[in-house]
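Okay, structure first, notes after.
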Amino acid sequence: MNIKFLFILNDYIPTEPAYVANTGKYIDGALNIYLNESLFFHDPNLNLTEFASQLSEWVQKVQNGARDNMNYESINRNEDLMNFLYKGDDKWGIYSVWQMFEPTEYMNTEVLVESVNRFLTALNDGLIEINYDYTLDKFNQ
17 MNIKFLFILN
27 DYIPTEPAYV
37 ANTGKYIDGA
47 LNIYLNESLF
57 FHDPNLNLTE
67 FASQLSEWVQ
77 KVQNGARDNM
87 NYESINRNED
97 LMNFLYKGDD
107 KWGIYSVWQM
117 FEPTEYMNTE
127 VLVESVNRFL
137 TALNDGLIEI
147 NYDYTLDKFN
157 Q
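When you line the sequence shown up against the working numbering, it's residues 17 to 157, in that order.
So this is what it looks like as structure tokens:
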């Protein structure tokens, strides 16, 4: 199974008191995740830097041999929004409370890691391109 992440950054950074302390850590936008070209997940207002930071930490562990689940926990929700679940034999399942359908296949580690890294690189490039004060490089330090 293939996975693809597509996003559109919003050019508005919230100034409400709840977000001021996390300036740069709350950069939202639309996120679509496709499995084998079918829309699996859509959120028009996801905190992309929060999601990317958690993905980045997780993918580094996986690249170093760990096979821990990834559980995306948002500051805005009381439950995990998305999980990559290790099924053994280098296969991963994906689950989201907002998924559009139940996947019937698993992804192998290499496909998942490559797709996550492409998303992280594209998001970082997008942050640089529109001159956000924060990039994922700074955010993950």
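Note that beta-carbon positions come from the ideal geometry of N, C-alpha and C, so glycine has one too.
Select from the options the residue whose C-alpha is nearest the C-alpha of residue i.
i, options, result
"GLU95", "ASN87, TYR102 and LEU101", "ASN87"
"PRO119", "GLU66, VAL113 and GLY109", "GLY109"
From the DSSP output, in three-state form, read off residue i for me.
i, result
"PHE67", "helix"
"GLY45", "strand"
How many Å lie between residue i and residue j at the Cα?
i, j, result
"VAL78", "PHE135", "16 Å"
"PRO60", "ALA68", "16 Å"
"ASN63", "ASN52", "24 Å"
"LEU55", "GLU126", "21 Å"
"GLN115", "ASN99", "11 Å"
"GLY81", "TYR122", "19 Å"
Assuming residue i and residue j are in contact, meaning their beta carbons sit under 8 Å apart, how far apart are those beta carbons, in whole angstroms?
i, j, result
"PHE21", "SER131", "6 Å"
"GLY142", "LEU25", "5 Å"
Query - Continuous beta strand (DSSP E) assignments of at least 3 residues falling wholly in the region 86-142 - result: 86-89, 96-104 and 107-112
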